[in-house]
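Worksheet: one structure, shown below.
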Amino acid sequence: MKRRITAGCVILLNLLFDADGFLSSEIGRHPHLDAYANLVTSSQLNLAKTKTKKKNKKQSKTGGGGLKGFGGSKSSSVTAGAIDRSKSALNFYNYLSKNGAESNLERVGLGYFPLKIDDDTTIQLRGVIALKDISKGDPIIEIPYRMALDLGRESADPTLPATAFLQKYCAWRSGADVPPGDRDRGDYFDMLPPFLSDDCLGSTDFFSDSALDMLQSPMVKEETLERKKLVKLRYERDIESMTQMSSNLYQWDGEAATEDHLHWASWIITSRVLTVQGPPESSFSNRLLIPLIDMCNHSRESPHILTGRAMPGGLLKVVAGVDVKAGDAIDICYGGGVEGNDRFIQDYGFLDSSPEAYKIVAKKLLGKGRSIAKMTAAEQEVELQSLKATTLEEDETLLGNCSEIDERAALGYRIGMKHAIRRLRG
23 MKRRITAGCV
33 ILLNLLFDAD
43 GFLSSEIGRH
53 PHLDAYANLV
63 TSSQLNLAKT
73 KTKKKNKKQS
83 KTGGGGLKGF
93 GGSKSSSVTA
103 GAIDRSKSAL
113 NFYNYLSKNG
123 AESNLERVGL
133 GYFPLKIDDD
143 TTIQLRGVIA
153 LKDISKGDPI
163 IEIPYRMALD
173 LGRESADPTL
183 PATAFLQKYC
193 AWRSGADVPP
203 GDRDRGDYFD
213 MLPPFLSDDC
223 LGSTDFFSDS
233 ALDMLQSPMV
243 KEETLERKKL
253 VKLRYERDIE
263 SMTQMSSNLY
273 QWDGEAATED
283 HLHWASWIIT
293 SRVLTVQGPP
303 ESSFSNRLLI
313 PLIDMCNHSR
323 ESPHILTGRA
333 MPGGLLKVVA
343 GVDVKAGDAI
353 DICYGGGVEG
363 NDRFIQDYGF
373 LDSSPEAYKI
383 VAKKLLGKGR
393 SIAKMTAAEQ
403 EVELQSLKAT
413 TLEEDETLLG
423 NCSEIDERAA
433 LGYRIGMKHA
443 IRRLRG
C-alpha cells in the first residue's frame, strides 16, 4: 500500500453556516486527506485542589511517550485546574496581547489537567482552559491570521516547511537579527515542545530500530523509514550546504544544526501545523502554525468547530459547538475523528486511549467497514502475521517490565491492536 507522507496536523478551515445559524466548518486534521470535520471537546475540569498520586517510577514510564498533544507539566505538584503563570506563559500571554489577540485572555488561558497514566501514576497535563462560561456559537479562541506563522502552500513533504521553521527557530535561539514580523515569535517558540523532549520521543520518527520492530507493524515501520530518508535528503540539500556557506544560518547553541534538529522540526510540522484554505477565490491551502489554537490537547469527542481562512484580515477561530463552562478543557480532535493509532503514534507521538482509535486500524487490517486508506489482501496478511509473533499475554508482561519511552509506545500499540482485532473477530 502506498501512503502519502505529509504534514500530519492538517486542518482545512471553511466558513459555513448550519441550520442552527452558527458557524460550522469542513475541517480535517489528517495527513492524507483534504477535508474532514475537526471538532473540539470540553471535558469538565475539577477546579478544587487535588493531590497528584505518583509512585516512584522512572519518568519514561508515561505510556505512549507524548502527552496528548500540547505537553505535560514538569512538576507533579501543580494543582489541577491551576492557571499556568510561569515566566514563559506570562511572556506568551503578553505576546498575544501585543499582537491583537488580547480578547482571548478574557475567555481562555493555559492550565493544568490531571491525566491518569496507570493505576499508580497521575501527571499534570498543560492545555487550554476556559476562564468563563461561553455560549454555544460564540468564539472560544480568535487568532488574527497575521499572528500565524505561514509556512507556504500545502504539499506532501513536511521537511520543506520544517526547513523554513527551523531557520526561524534557530535565529531566535541564537539571538540573530530577524525581520520585524518575527521579533516577538520567540515567546511563542518558547511554548513549543523542546528538542528531543518526551513529547516527540513517543513518535516513531524517534524510535530505535528495536522499538520499530517491536511495533509488529511493517506498514508503520516502512513509512517511518521513508520519512527519515526525506529528512536526510532535505538536510543534506538545503541545510548542511547552507551552514557550510554561512556561519550565521541554522545555528543551534553556537554550532551548526544537525539532521536530528531537522527531524524534530519535521515532527513539529507533522504534529502541529494546520493546513488552512486561502481566500474564497483561491483553490490553495497554506500551512500555518497558529499560536494558542495549536496548544489545545486531544479528545476524540468534539462539539466545537474550527473556522477561518488564510488571508489578510482573517481570523482563525475555535467556535463553541456547545455551552462551555468555566474550568472546561478545550481539546481538539486530532485526525478529525477518522484517524487511528497507526497515525497517532507516527504523527503526534502518543496513543489515543479510545478503543475506537485501535478499532479504526483493526478494521483496515481485517478488511471490514469503509476506509480511505485501503490495503491489499497481501498487505493485510503481512500485518496480521507480524502481530502473531507474540501473544497478547506475553506483550503485557513485557510492558510491565519496560521503561524506555519508544519501546513502551510500541508495546502499547501492538497490545491495543491485538485487543481490537480480538473484539472484531468476536
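Positions 23 to 448 (the working numbering) are the ones given, in order, by the sequence shown.
Even glycine gets a Cβ: it sits at the ideal position worked out from N, Cα and C.
According to DSSP, is GLY371 helix, strand or coil?
Coil.
Would you report the Cα separation of LEU255 and THR181, rounded to the nearest angstrom?
If I take the Cα positions, the gap works out to 9 angstroms.
Hey, how far is the Cα of GLY389 from the Cα of LYS396?
About 8 angstroms.
Around the Cβ of ARG447, are there at least 16 other Cβ atoms within 10 angstroms (buried) or fewer (exposed)?
When all chains shown are included, ARG447 counts as exposed.
Could you compute how far the alpha carbon of ASP235 sits from the alpha carbon of LYS251?
If you take the alpha carbons of ASP235 and LYS251, they lie about 18 angstroms apart.
What does DSSP give as the partner residues of ASN116 in its beta bridges?
None; ASN116 has no bridge partner.
Below 8 angstroms, how does it come out for the region 375-391 and the region 157-173: are there three or more Cβ pairs, yes or no?
Taking 8 angstroms as the limit for Cβ pairs, the verdict is that the region 157-173 does not touch the region 375-391.
What does ARG309 pair with, by DSSP beta-bridge criteria?
Partner(s): THR297.
In this structure, does DSSP put PRO53 in helix, strand or coil?
Because PRO53 sits at a pLDDT of 34, beneath the cut-off of 50, its placement in the model cannot be relied upon, and the following sentence gives the value as read from the coordinates. Reduced to three states, the DSSP call for PRO53 is coil.
Just reading off the beta strand (DSSP E) that VAL130 is part of, what are its end residues?
From DSSP, the beta strand (DSSP E) with VAL130 extends over 130-140.
For the putative contact between ILE443 and LEU373, defined by C-beta atoms under 8 angstroms, what is the C-beta separation to the nearest angstrom?
With 8 angstroms as the limit, ILE443 and LEU373 do not qualify as a contact, their Cβ atoms being about 16 angstroms apart.
For PRO302, does the three-state DSSP call read helix, strand or coil?
Residue state, collapsed to three classes: coil.
If I measure Cβ to Cβ from LYS410 and keep anything under 7 angstroms in the same chain, skipping five residues before and after, which residues do I get?
Taken in chain order, the list of residues that qualify is empty.
Could you say which of ASP350, GLY349, PRO377 lies nearest to GLU361 if we only look at CA atoms?
Taking only the C-alpha atoms, the option nearest GLU361 is PRO377.
Closest to THR144 by CA distance: which of TYR134, ILE291, ALA152 is it?
THR144 has its Cα closest to that of TYR134, out of TYR134, ILE291, ALA152.
The alpha helix (DSSP H) that contains ARG195, what's its start and end?
Here the alpha helix (DSSP H) through ARG195 covers 181-196.
Taking the straight line between their C-alpha atoms, what separation do you get for ILE427 and GLY335?
Cα to Cα, the separation comes out at about 43 angstroms.
Residue range of the beta strand (DSSP E) that ILE105 falls in?
Per DSSP, ILE105 belongs to no beta strand (DSSP E) and is neither H nor E.
Decide if LEU247 is buried, meaning its Cβ has at least 16 other Cβ atoms within 10 Å, or exposed.
The residue is exposed, with fewer than 16 neighbouring Cβ atoms inside 10 Å.
Could you tell me the boundaries of the alpha helix (DSSP H) in which GLY434 lies?
Its alpha helix (DSSP H) spans residues 427-447.
Comparing C-alpha positions only, which one of ILE156, GLN238, LEU171 sits nearest to ARG294?
When only C-alpha atoms are compared, the closest one is LEU171.
Going by C-alpha to C-alpha distance, which of ASN308, LEU421, PHE114, LEU328 sits closest to SER177?
It is ASN308.
When the Cα atoms are used, what is the spatial distance from PRO325 to GLY343?
Using only the alpha carbons, I get a separation of about 5 angstroms.
Do ARG129 and PHE306 count as a contact pair if the criterion is CB distance below 7 angstroms?
For PHE306 and ARG129, no; Cβs fall outside 7 angstroms.
So the alpha helix (DSSP H) ASP260 belongs to, where does it begin and stop?
Here ASP260 belongs to no alpha helix (DSSP H), and DSSP marks it neither H nor E.
Does GLU416 come out as helix, strand or coil in the three-state DSSP assignment?
Helix at GLU416.
Whole angstroms are fine: how far does the CA of HIS283 sit from the CA of PHE217?
Rounded to whole angstroms, PHE217 to HIS283 spans 7 angstroms at the Cα level.
Can you give me the Cβ contacts of HIS441 inside the same chain, cut-off strictly under 6 angstroms, excluding the 5 residues immediately before and after it?
Nothing listed; no residue qualifies.
Just reading off the alpha helix (DSSP H) that LEU388 is part of, what are its end residues?
Start and end: 377-388.
Go ahead and label PRO183 buried or exposed: buried means 16 or more other beta carbons lie within 10 angstroms of its beta carbon, across all protein chains shown.
Answer is buried; the Cβ neighbour count reaches 16.
DSSP on ASN270, reduced to helix/strand/coil?
Looking at ASN270 - three-state DSSP - the assignment turns out to be coil, as it is neither helix nor strand.
With a CB to CB cut of under 8 angstroms and the five nearest residues on each side skipped, what residues in its chain are close to ASP345?
Excluding sequence neighbours, ASP345 sits near ASP155, ILE156, SER157, LYS158.
Leaving out five residues before and five after ASN126 in sequence, what residues of the same chain have Cβ atoms less than 8 angstroms from its Cβ?
Excluding residues within five positions, the ones whose Cβ falls inside 8 angstroms are LEU118, ILE163, GLU164, ILE165, LEU314.
To the nearest angstrom, report how far apart LEU296 and LEU328 are at their CA atoms.
About 11 angstroms.
Pop quiz: SER225 and GLN368 are said to be a contact at Cβ under 8 angstroms. What is the actual Cβ separation, rounded to whole angstroms?
With a Cβ gap of about 6 angstroms, SER225 and GLN368 count as contacting.
From the DSSP secondary-structure annotation, give me the bridge partner or partners of GLU277.
According to DSSP, GLU277 bridges with TRP274.
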